[in-house]
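Report on the structure given below.
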Amino acid sequence: MTSWITICDTCKTEGWSEKGTETTDGAALAALIEAAAEGQPVHTRRVSCTMGCERACNIIVQAKGKIGYSLGKFEPTAEAAQAIVDYAAMHSASETGQVPFRQWPVGVKGHFVSRQVPLPESD
Ligand code: FES
Numbered sequence: 013m014t015s016w017i018t019i020c021d022t023c024k025t026e027g028w029s030e031k032g033t034e035t036t037d038g039a040a041l042a043a044l045i046e047a048a049a050e051g052q053p054v055h056t057r058r059v060s061c062t063m064g065c066e067r068a069c070n071i072i073v074q075a076k077g078k079i080g081y082s083l084g085k086f087e088p089t090a091e092a093a094q095a096i097v098d099y100a101a102m103h104s105a106s107e108t109g110q111v112p113f114r115q116w117p118v119g120v121k122g123h124f125v126s127r128q129v130p131l132p133e134s135d
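Its first residue numbered 13, the sequence shown is counted upward by one per residue in our numbering.
Right, dumping it as structure tokens:
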């Protein structure tokens with residue numbers, strides 16, 4: 013099951029207002045992730061606020077039937093975007109959504125906020 017990267021496009025990191033730009037940090041990170049995700053086995057989508065505002069920038073990696081993860085405290089950089097996409101591609105390839113720690117891209121380490129176990133198959 014292909015994994016999704018859900019990106020909060022309204023996140024603003026500390027000091028955003030001094031940057032003098034209309035573009036939020038979340039929107040900037042979303043654009044970088046979307047570019048890095050081209051041709052990769054991941055889907056992307058944007059949402060406005062995942063209720064983790066104090067940990068901006070926030071993203072979620074999830075897929076049906078797999079463990080999902082919320083990650084935060086990203087800066088809107090190409091390096092962060094690449095690490096997120098690389099990690100999501102590993103999540104995509106994993107049957108359960110678990111990726112061994114030794115395989116995590118350096119850029120996602122220290123950014124995990126929560127884990128969501130998948131719902132049971134039956135109602
Ligand atoms: S604005 Fe991004 S989590 Fe609230």
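Where is the CB? At the ideal position from N, CA and C, for every residue including glycine.
Note that the coordinates shown come from a computational prediction; the quantities given were computed from them, not determined experimentally.
Under the DSSP assignment, residue 97 falls in the alpha helix (DSSP H) whose first and last residues are 90-105. If you look at residue 79, you'll find it isn't in any beta strand (DSSP E); DSSP assigns it neither H nor E. Here the stretch 108-125 does not lie against the stretch 25-32, with fewer than 3 beta-carbon pairs under 8 Å apart. Boundaries of the beta strand (DSSP E) around residue 126: 124-128. The three-state reading of DSSP puts residue 111 in coil, since its state is none of H, G, I, E or B. Within its own chain, the residues whose Cβ lies closer than 6 Å to the Cβ of residue 80, once the five positions on either side in sequence are excluded, are 74, 128, listed in chain order. In the assembly as shown, residue 78 is a buried residue. Its beta-carbon has 16 or more other beta-carbons within 10 Å. With a cut-off of 6 Å, the C-beta of residue 62 is classified as near the ligand FES, since at least one heavy atom of the ligand falls inside that distance. Within 10 angstroms of the beta-carbon of residue 132 lie fewer than 16 other beta-carbons, which makes it exposed.
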